[in-house]
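Encoded as structure tokens, the structure appears first; notes follow it.
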Amino acid sequence: NKVIDASAMGSMARFINHSCSPNCHTEKWTVGAETRIGIMASDNIPKGAEVTYNYQFESFGGMKHKCLCGAPNCSG
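All residue numbers for the sequence shown refer to the UniProt record's numbering, where the first residue is 1 and numbers rise by one.
Next up, the structure:
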């Protein structure tokens, strides 16, 4: 029941792009009393490859965003 939004607080990870066929995944950790999200490689990522993960984006009351990632399994 949490929404992650890096617009107010975030690291360089906020620039990782979405893909419906990502090479990374997220893991939720609790450190002390704080929730942390780690981005982990799902497999070896070749040098120079784009780092991506599936945002599982949901719009709340606004305009829906069409996915244009171009992956073979793209949800569109």
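The beta-carbon is built from N, C-alpha and C at its ideal position, and this holds for glycine as well. Remember, predicted model here, so these are calculated numbers, not experimental data.
query: Considering only DSSP beta bridges, list what Arg36 is partnered with.; result: Trp29
query: Is it the case that the Cβ atoms of His18 and Tyr55 are separated by a distance below 7 Å?; result: yes
query: Exposed or buried, which one is Pro46 when buried takes at least 16 other CB atoms within 10 Å?; result: exposed
query: Do you know how far the Cα of Asp43 is from the Cα of Lys66?; result: 27 Å
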